[in-house]
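S.K.: Have a look at this one before I ask anything.
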Amino acid sequence: MSQLHAVPLRARTLGALAGVSAVGVIAFFWPFVVAPTSIAADHATDAPWFFALLLPLVVAVLLAEVSGGGADAKGVAMLAVLAAVATAVRPLGAGVAGLEPMFVVLLLGGRALGPAFGFALGSLAMFTSALLTAGVGPWLPFQMMAAGWFAMAAGLLPQLRGRAEIAMLMAYGAVASLLYGFLMNLSFWPWALGQGSELSFVAGAPLAENLGRWVTFNIATSLGWDIPRAILTATLTLLAGPVLLRAVRRATRRAAFDVPVRFETVESVTSERA
Amino acid sequence: MTETLTLLTGGATVGAPRWLHPGAWWIWALGLGAAATRTTNPLLLGLIVAVATLVVSARRPQAQWAGAFGVFVRIALVVIVIRVVFAMLFGVRIGATELFALPTVGLPEWMAGVTLGGPVTAEMLYIAVIQGAQLATLLICVGAANSLASPVRLLKALPAGLYHVGVACVVALSLAPRIMVNVRRVMLARRMRGRPTRGLRAAAQAAVPVLESSLDDAINLAAAMDTRGYGRATATTARERALQATLVLAGLVGIALGLYAVLGASGWGWLLLGLGVVMAVAGIAVAGRRIPRTRYRPDPWGLPETLTAGSGVLAAIAVMVFATTSLTVPLSWPTLPPVAVAAILLAASPAVLTPSPPLPWRTS
Amino acid sequence: MISFEDVSFTHDGAQSAILRDVDLTIPEGDLTLVIGRTGSGKSTFLNLINGLVPHFTGGTLRGRVTVAGMDTRTHPPRDLAGSVGTVGQSPRAGFTTDTVEDELAYTMESLGFAPDVMRRRVEETLDLLGLTTLRRRSLDTLSGGEQQRVAIGSALTAGPSVLVLDEPTSALDPAAAEEVLAAVHRLVHDLAITVVMAEHRLERVIEFADHVVRLDGPLRLEEPAQAMRGHGLQPPVVRLGHALGWDPVPLSVRSARRLAQDLRHSQPTAPARRPAGKQVADVMSATVRFGQITALADVGVRLNRGQITALMGRNGAGKSTLISLLTGSRRPQIGQARVGGTDPADLQGRQLLERIAYVPQDPTDLFYTDTVAQECADADADTGFPPGSAWNRLTALVETVDPRTHPRDLSAGQQLALALAIQLSAATDLILLDEPTRGLDYPGKAVFGQWLQDLADAGSSVLVATHDVELVAVIADRVIVLADGEVVTDTDVRSALTSSPTFAPQIHKVLAPLPVLTVEEACLL
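As structure tokens, then:
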């Protein structure tokens, strides 16, 4: 059974995904590459704000591309409803950020409906849940980017089925939710500490040194939450994954994303389009 | 308070209640927030918080999302506390006024050889509090925008190129509360099957009917949208489509390369970055031309909007020009730069110069 | 206006066509009613008109459908949107905005209408459908009837010449249904809009129809009276006409009353309903408040073995709240509920299953797996009965169910049967059902009514919350009417239904003042 793409993966969509991801990578990982003479090194606490203003633009470009260029009413409705489900279950999560049930929805959505749809779903779900709780802050663009990657990668994983698929999704869910926590830490690392603390990044320092500081920052701040979150996400995937995945796949069949439409006249077949 | 202010201005421009354009509130708030990032003067920061609080209390609508301001104030306080704790544990030891000393712990080499603890000075604490307060003030400004600007009206003001995403957002926002109700309903039904309603397994099983019925809703919704003309596009030529794809892709590449160059301190980075942004925006605009959609009663942009947005921008400029400060040791007493103070006070004017939001409809 | 030329439609992968050789023309400005049993293709027929079939659903369309001069093969739904307005089964599921005014404007926005035209059309539609006072309301705060009128309004604003309605009144209480039908009637008469409507509740709509298309009869336009002959889909008044040999068969209560003049002078021999047995459940002076709103005010209700009690009242009158007290999912702030002597909120697991069976408004809330067989096996594990018990109960209710079917793919009637089968154990004292007859056609409803009667005869106490007066007239022994959180009527079914104009069944309306409720009783006269 091949992967369904609720948003067709055309060359331009792939290109946009790659371009947006490249900008995203820089927005997260800039402390490791910034030159000591760069303006960003002087304004380390301002740089995240700059990225927080730039990221919405590139995510908007991608969403316009995905929703306007490829998806029809079915894709947009499916996007809206799954984003609503993810938004609705977010408060059920444990802990401060409480993202586990939401992650499971994003994981299954990206898995069943393809990577491009997955990216749109991840970022949109973060956006709507922030709007609903009026939590639009500087962290939001980073969350949208990271959640987009999270769901997109679920659609890029190998096409296994049955138990192997659930095992793979569990492992992915655990690792990816850990990574999500690390990425979010990375995004506010310069912002929360500024420069001049023992854990702040040092512009131009060797990669290993900055990595060490970042890892220590992770351990000091959020590892206590990240690990239980990873375990919970994997457990929820195990418990709910199989039947929910079947439910999403059943719905995509009912939505008839790629069912052919045929017209016949009484005498002969005249036309066909997919 | 509001009444007094209204009386003082004689209700000058407080016309009939209407929604102020949400974009105006966001520009105003981000202007004030930008001002906060430029100054380390605690008096100015305090003034900005006071102005934001005043405007929120005067113009906050009666809606659920309008309660966000309080949440942001709490987050802001947490940010200051985190900053102080980190400064005490990991901060660079500067200043001479030692208050007390924490025991020191050396971390292993792979953890960057960091040393925890050490003497805590008044200068260190002051700097941590001020840096935290800068962030906190900015967050409070963002919180003000969150509780003043209606999210749905903001989505309606999106450019045409983002129309489809906007529709998805509006639908998701109106569906999410209903899905929360469904979750509760399904949990009650589950109890009637004699099964526990707590725990992970319960949550996982309850998710099935909730998701299934939501997905059914999605298919019905898509059909309804289809029969209501959604997705109708004006005919476009292959050239127009190619132009749009080129703009989008070249824009993204420009932004990425530009950023990389800026981080490497290359002079042409900003140029490339700017070019990329312009092309990406143009790409969205070109995409919007394909959509024949018109708007029903859009929020107008009138004098109150210009005044509101303008007062925020003015505050940012005034602080940048007249009150940009940084923290230096030894510490000195803050002073009040008159122009910056006046500009920030001016940013309080939307509390009276904007129309008040309409009252919500009440259930009988 | 709408023509079907030799149309057949086959779903993708299906062996046979769901509609075959439809060849008919629906004239302009008429109201055409589409009837047929569940699964006969009513929605497919309607969606052939707006183009959703086959553009949205996929599948193979043979022949040609033309609407207002446009061939649906070359015009997908979005291009037909200006000519065909569509209102689906559940109006709430089709809303794309959050307030009444925006919803009305949505189609026009999509089609690119000029702002001043939009403004004018919205005002006109608000007036036409009596929605003016609701214009700024959030769609979630509207009642079912109001939502349905908004949905019709939003289909109308773009100025279509055809309106397609799929079961517009099936979820509504009698008063709201009348509101909606009055609005539809006005559209046909004042604006000459061609309306094509599918509906199970023929007693509500048949008198408004100009033509009928029977999908499991001859696929052509028939006069309503002619279409009502000789099949299972007949409203009570038609069945009465047939039973008494009236010709022409009356379609409305009014014409039946003229024919029934002699009958009304006879002496009724109304058979007694089931007597009350031992008390099993009791709600004592219960008050429930949600914030400022009082959902139930000092309500006292007793339920007895061997009886079917109907719980009636407008949407929002407190029916569901009263049921939630009896299931124990909520405790009243004042007063208490008792089932078999215990507080139902204290019951859990098997104890709960043994005493109370509950079928929610949407029976699929109870289904957690993806086959019927698995669902039955889980139910046996829950109740502790030997394997196969739930499956046997299910097959006693419906004969042919494939155990591998997904519970959501069952018909509405089969879903009810499955919900009952997994909820019922041998000695269930109290059976609670919330709006169970949605989506059931007349034969389906008759079968369902029989299940409940059998359960009551076996000694259970059955409480059914419903809007369906015709069902109540046939099966209930007692009626409780709630209004604004208070019990306004609690008496035997005959006195309850004969004393209220809103809740009177068709047969009583025909034969009033005789206390006769059903066709069978009328035949005894």
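In the order they appear, the protein sequences are chains A, X and D. The first sequence begins at 1 in this note's numbering and counts up by one. The second sequence begins at 275 in this note's numbering and counts up by one. The third sequence begins at 639 in this note's numbering and counts up by one. Virtual Cβ for every residue (Gly too), placed ideally from N, Cα, C.
Could you check if C1161 (chain D) is buried or exposed, using at least 16 other CB atoms within 10 Å of its CB as the buried criterion?
M.R.: exposed
S.K.: Could you check where the alpha helix (DSSP H) with L699 (chain D) kicks off and where it finishes?
M.R.: Segment 697-705 is the beta strand (DSSP E) holding L699 (chain D); no alpha helix (DSSP H) there.
S.K.: In or out: P206 (chain A) buried (at least 16 other Cβ within 10 Å) or exposed?
M.R.: exposed
S.K.: Any chance you could list the beta strand (DSSP E) runs of at least 3 consecutive residues sitting entirely within the segment 1061-1141 of chain D, in chain order?
M.R.: 1068-1072, 1099-1103, 1116-1121, 1124-1130
S.K.: Cα separation between R427 (chain X) and Y504 (chain X)?
M.R.: Answer to the nearest angstrom: the Cα atoms are 20 Å apart.
S.K.: What is the residue span of the alpha helix (DSSP H) that A375 (chain X) lies within?
M.R.: First-last for A375 (chain X): 372-380, but that is the beta strand (DSSP E), not the alpha helix (DSSP H).
S.K.: For H838 (chain D) and V330 (chain X), what's the separation of their Cα atoms in angstroms?
M.R.: 53 Å
S.K.: Can you tell me the Cα-Cα spacing of P1045 (chain D) and G1051 (chain D), whole angstroms?
M.R.: 11 Å
S.K.: According to the neighbour-count rule (16 or more other Cβ atoms, all chains shown, within 10 Å of its Cβ), is M275 (chain X) buried or exposed?
M.R.: Reliability fails at M275 (chain X), whose pLDDT of 44 lies under 50, so the model's placement of it is uncertain and the value that follows must be treated cautiously. M275 (chain X) is exposed by the Cβ-count criterion.
S.K.: So for P873 (chain D), helix, strand or coil by DSSP?
M.R.: coil
S.K.: Given that N1030 (chain D) touches chain X, what residues does it touch there, using C-beta distances under 9 Å?
M.R.: Contact of N1030 (chain D) with chain X by beta-carbon distance below 9 Å is absent, the smallest such distance being about 18 Å.
S.K.: Under 6 Å Cβ to Cβ from Q905 (chain D), same chain only, skipping five residues before and after it: list those, please.
M.R.: none
S.K.: Using a Cβ-Cβ distance cut-off of 8 Å, determine whether A908 (chain D) contacts chain X.
M.R.: no
S.K.: In terms of residue numbering, what span does the alpha helix (DSSP H) encompassing N1030 (chain D) cover?
M.R.: Counting along the chain, the alpha helix (DSSP H) containing N1030 (chain D) begins and ends at 1027-1035.
S.K.: With a threshold of 6 Å on Cβ separation, who are the neighbours of G285 (chain X) within its own chain once the five nearest residues in sequence on each side are excluded?
M.R.: Note on G285 (chain X): pLDDT 42, under 50, position unreliable in the model; no value is reported.
S.K.: Cα separation between L108 (chain A) and L4 (chain A)?
M.R.: 13 Å
S.K.: Is it buried or exposed, T637 (chain X), if we count other Cβ atoms within 10 angstroms and call 16 or more buried?
M.R.: With a pLDDT of only 41 at T637 (chain X), under 50, the local geometry of the prediction cannot be trusted, and the value read off the model is given with reservation. When all chains shown are included, T637 (chain X) counts as exposed.
S.K.: Please find out if some non-hydrogen atom of the ligand NAD comes closer than 7 Å to the beta-carbon of R12 (chain A).
M.R.: No copy of the ligand NAD occurs in the structure displayed, which carries no ligand at all.
S.K.: Quick check on H827 (chain D): buried or exposed, where buried means 16 or more other Cβ atoms within 10 Å of its Cβ?
M.R.: Exposed.
S.K.: From the beta carbon of V482 (chain X), is the nearest beta carbon of chain A less than 8 Å away?
M.R.: yes
S.K.: Check the Cβ of H295 (chain X) against every Cβ in chain A and list those closer than 8 Å, keeping chain order.
M.R.: Simply none; closest approach about 17 Å.
S.K.: Is any beta-carbon of chain A found at less than 8 Å from that of R700 (chain D)?
M.R.: Contact of R700 (chain D) with chain A is assigned, a C-beta pair being separated by under 8 Å.
S.K.: Have a look at T13 (chain A) and V522 (chain X) and give me their C-alpha separation to the nearest angstrom.
M.R.: 10 Å
S.K.: Please state whether DSSP places E845 (chain D) in a helix, a strand or coil.
M.R.: helix
S.K.: Output the distance between the C-alpha atoms of L281 (chain X) and T628 (chain X), rounded to the nearest integer angstrom.
M.R.: Interpretation of L281 (chain X) is limited by its pLDDT of 45, a score under 50 that renders its predicted location unreliable; the figure taken from the coordinates is listed afterwards. Distance between the alpha carbons of L281 (chain X) and T628 (chain X) is about 14 Å.
S.K.: Return yes when the Cβ of E1013 (chain D) is within less than 8 Å of the Cβ of F1005 (chain D), no when it is not.
M.R.: Contact annotation: F1005 (chain D) and E1013 (chain D) have beta-carbon atoms nearer than 8 Å.
S.K.: Could you tell me which of D:E1108, D:Q917, D:A719, D:I946 sits nearest to I1145 (chain D), measuring between CA atoms?
M.R.: That would be D:E1108, whose Cα lies nearest to the Cα of I1145 (chain D).
S.K.: Check whether the Cβ of P566 (chain X) lies closer than 8 Å to any Cβ atom in chain D.
M.R.: yes
S.K.: Hey, out of A:G181, A:V202, A:G173, whose CA is closest to T235 (chain A)'s CA?
M.R.: A:G173
S.K.: For T270 (chain A), which residues from the same chain have a beta carbon less than 8 Å from its beta carbon, with the 5 sequence-adjacent residues on both sides left out?
M.R.: Model confidence at T270 (chain A) stands at a pLDDT of 47, short of 50, so the residue's coordinates are unreliable; what they give is reported in the following sentence. For T270 (chain A), where only same-chain residues beyond five positions count, the Cβ hits under 8 Å are F263, E264.
S.K.: DSSP puts S646 (chain D) in a beta bridge; with which residues?
M.R.: D:R700
S.K.: How far does the alpha helix (DSSP H) with R658 (chain D) in it extend, from its first residue to its last?
M.R.: Following the DSSP letters along the chain, one finds R658 (chain D) in no alpha helix (DSSP H) but inside the beta strand (DSSP E) bounded by residues 657-664.
S.K.: Does any CB atom of chain X fall closer than 8 Å to the CB of G15 (chain A)?
M.R.: For G15 (chain A), at least one C-beta of chain X is nearer than 8 Å to its own C-beta.
S.K.: Ends of the alpha helix (DSSP H) at R475 (chain X)?
M.R.: 474-501 is the span of the alpha helix (DSSP H), which, as asked, contains R475 (chain X).
S.K.: Can a CB atom of chain D be found closer than 8 Å to the CB of L281 (chain X)?
M.R.: Interpretation of L281 (chain X) is limited by its pLDDT of 45, a score under 50 that renders its predicted location unreliable; the figure taken from the coordinates is listed afterwards. Not closer than 8 Å to any Cβ of chain D, the Cβ of L281 (chain X) fails to qualify, so no.
S.K.: By a C-beta neighbour count over all protein chains shown, 10 Å radius and 16 as the cutoff for buried, is K916 (chain D) buried or exposed?
M.R.: exposed
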